[in-house]
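So the mapping is simple: this note's numbering equals the position in the sequence shown, first residue as 1, plus 327.
Yeah, the Cβ is synthetic: ideal placement off N, Cα and C, and Gly gets one too.
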Amino acid sequence: MDKVQLKPQSMLIPLPATMVSCAAEGFKPNIITISWIGIVNSEPPMLSISVTPKRHSHQMIKMAGDFVVNLTSERNLKEADFCGNRSGREYDKFEALKLTPIPGKVVGSPMIKECPINLECQVRESMVLGSHEMFVAEIVAVHVDLDLIDDKGKINIDKLKPLVYCTVAREYRGGLTKLLSRYGEAAGKKEK
């Protein structure tokens, strides 16, 4: 197949459309939609998020040293889009969207009840990269809606219906849960 070379750009497709909640002294709790996110370590479980210093949540995360990654499903589309396009300087996003803050069990930032999975995170380090600052954080607690857990105690991805963001098209997408193979099966790996 022929290829065309494009300019360098942020082109991982798709990315999870997460709603990151944060709180710090002197501020109302806030929510920012973040797709610049990824797992960076397995033991201990760690992830990174990147936030531009222009965003209201940036200062709050720096001050508090924690945040909650709230994974979204297709039903969270309106809220995710709102939180990515409105500033917490002007809106109380929990109130404006009638979202329910739940106190974190480990961190000071609240979880969002309406999101199906909540990852409480403590910042371990940060690095200014250019337009964004990357926060590397340890996942210190995980909360999952009970109706997503199957009879084997695992998350049913078909029920989750994750909301994703396509960077180049600047679009939210759903319906990306079709099972093609289990890890290692396509490569011919035998299960032990």
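Outcome for residue i when other beta-carbon atoms lying within 10 angstroms are tallied against a minimum of 16
i	result
P356	buried
S362	buried
G502	exposed
T360	buried
I340	exposed
V367	exposed
Y499	buried
A513	exposed
K399	It should be pointed out that residue 399 corresponds to Thr in this sequence rather than to Lys. T399 should be labelled buried.
N445	buried
I476	exposed
A496	exposed
Length of the line joining the Cα atoms of residue i and residue j
i	j	result
P371	M438	21 angstroms
P380	K486	35 angstroms
S375	L490	19 angstroms
V450	Q336	27 angstroms
G515	F421	47 angstroms
S316	N403	The structure shown does not extend to residue 316, since the chain spans only 328 to 519, so no value can be given for it.
C448	D329	43 angstroms
S530	H385	Nothing about residue 530 can be reported from this structure: the residues present for the chain run from 328 to 519 only.
Identified DSSP bridge partners for residue i
i	result
I340	Looking at the DSSP assignment, I340 forms no beta bridge with any residue, so it has no partner.
N445	N397 and H470
K375	The identity of residue 375 in the sequence shown is Ser, whereas the question assumes Lys. G365 and V463.
R500	V491
I476	I482
Reduced DSSP secondary structure (H/G/I, E/B, other) of residue i
i	result
F421	helix
R413	coil
N368	strand
N483	coil
Taking one C-beta from the stretch 415-426 and one from the stretch 467-480 each time, how about it: are there three or more such pairs within less than 8 angstroms? no
Should the stretch 347-365 be called in touch with the stretch 376-392, which here means at least 3 C-beta pairs below 8 angstroms? yes
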